[in-house]
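First residue of the sequence shown? That's 1 in this note's numbering, and the numbers climb one at a time after it.
Even glycine gets a Cβ: it sits at the ideal position worked out from N, Cα and C.
The next block holds one structure in the form of structure tokens; read it before the comments.
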Amino acid sequence: MIDFTKNLYDDLVSRLKDLDTKVDPASLTPDLRMGMIEKAISRIKEKLKDHVFCNDDEEVWFFKFSLPPFLSLLIYYTEKTEMETMAFVIDPQIRKEYYTQQLRKINDYCREHSELLRYYRSSGISMDKHYFLRSSPLNRENINPMMDQSFCTVYTVTIATLQAYARLGQEIRCQFPGSGGDIWIAGYSGVKMRWTDTKSGLVELCYSFKEKGTFNNGEADLQSIFDYLEYVFFVHIDNPYRSFQEILSRKKGYTLYLDKLRDGFIHKIDDIESGYRR
1 MIDFTKNLYD DLVSRLKDLD TKVDPASLTP DLRMGMIEKA ISRIKEKLKD HVFCNDDEEV
61 WFFKFSLPPF LSLLIYYTEK TEMETMAFVI DPQIRKEYYT QQLRKINDYC REHSELLRYY
121 RSSGISMDKH YFLRSSPLNR ENINPMMDQS FCTVYTVTIA TLQAYARLGQ EIRCQFPGSG
181 GDIWIAGYSG VKMRWTDTKS GLVELCYSFK EKGTFNNGEA DLQSIFDYLE YVFFVHIDNP
241 YRSFQEILSR KKGYTLYLDK LRDGFIHKID DIESGYRR
């Protein structure tokens, strides 16, 4: 089941990226993206009906890491469609108020679920069987009337929403800086510094910063470091823990990005020293 969803997700994301470059919000042509996402989720629902997980750990992994990205895409594109429509509103003040309101909604939701977000982003496992097993009493106590309990858990939906909102928030700040949240730095030219390197590289950096104790005298948690760097560099990491697991499975080493940083720095020093020798 986990391999099935991974392959399905990779294929879905690839097709969505292709469509993202072709969709014109001003056109009357139907947007195919939502249909693709809903179809993928329906395939998972059908397969899940007859699937029996080997053990609790496998079920936890599925509802914690495998399913949320699909639901996150559904939430993200639902909200994004409305955002793309608002971009055509002529009055700049109305647009600003709308995007400010959207950011406020996102911030309020993230603040409300900050404990779960911190748990998830810090790779916590102690509450996994309470959060991500369908039989958990916590899921029966926090029933969402819109949720099919045979398909997912309350916390699966919450994680998916947090992932979608993080992505939307970054895009709003990047594309509509007048909506608030910009960083002011003395002497700064105003040019946006967007992260254009690999996201796995940023994951290597974030984990390294945490273990080195780089921020707040070592007291900053992993989630806060991810949130800060995502905010500063206008980048969204959909599932940093999953990216970290992929780093651990590498056969060519765990520090590909950090090694390239080190090599680049040493190369620069060598160039300077060779210039002195000349």
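- DSSP places Val89 outside both helix and strand once states are collapsed to three, so it counts as coil.
- Excluding the 5 residues flanking it on each side, Leu12 has same chain C-beta neighbours closer than 8 Å at Met36, Ile37, Ala40, Phe70, Leu73, in chain order.
- In this structure, Leu258 places its C-beta atom within 8 Å of the C-beta atom of Glu204.
- In this structure the region 44–61 does not lie against the region 82–96, because fewer than three pairs of beta carbons, one per stretch, are closer than 8 Å.
- By the Cβ rule, the region 89–107 does not count as touching the region 116–134, because fewer than three pairs are nearer than 8 Å.
- A distance below 8 Å separates the beta carbons of Val235 and Leu202.
- Spatial neighbours of Arg134 in its own chain (CB-CB distance under 8 Å, excluding positions within 5 residues in sequence) are listed in chain order as Glu59, Phe63, Gln149, Ser150, Cys152, Thr153.
- Going by DSSP, Asn7 is part of the alpha helix (DSSP H) stretching over 2–20.
- By the CB criterion at 8 Å, Tyr77 and Thr161 fall outside the cutoff.
- In the structure shown, the three-state DSSP call for Val232 is helix.
- In the three-state reduction of the DSSP assignment, Cys110 falls in the helix class.
- In this structure, Thr81 lies near Asp31, with their beta-carbon atoms less than 8 Å apart.
- Counting along the chain, Phe244 sits inside the alpha helix (DSSP H) bounded by residues 240–248.
- Excluding its 5 nearest sequence neighbours in each direction, Arg242 has C-beta neighbours in its own chain below 6 Å: Phe65, listed in chain order.
- Of the residues Ile125, Phe265, Thr198, Pro68, the one whose Cα lies closest to the Cα of Ile159 is Pro68.
- Membership of Cys206 in the alpha helix (DSSP H) is indicated by the continuous run 199–212.
- Rounded to whole angstroms, the separation of the alpha carbons of Lys210 and Glu219 is 9 Å.
- Between Arg121 and Leu229 the beta-carbon gap is near 12 Å, outside 8 Å, which marks them as no contact.
- Contact annotation: Glu79 and Leu16 have beta-carbon atoms that are not nearer than 8 Å.
- The continuous alpha helix (DSSP H) containing Asp128 extends over residues 128–131.
- Going by DSSP, Ile41 is part of the alpha helix (DSSP H) stretching over 33–49.
- Non-local C-beta neighbours of Leu8 in its own chain, meaning closer than 6 Å and more than five positions away in sequence, comprise Ala40, ordered along the chain.
- For the 8 Å CB-CB criterion, Ile237 and Lys212 do not form a contact.
- Taking each of Cys174, Ala164, Leu261, Lys251 in turn and checking the Cα distance to Asp197, the smallest one comes out for Leu261.
- Sorting Thr214, Tyr207, Cys174, Ser208 by C-alpha distance to the C-alpha of Trp195 places Cys174 at the top.
- The DSSP-derived three-state label of Phe62 is helix.
- In this structure, the beta-carbon distance from Lys129 to Ser123 does not fall below 8 Å.
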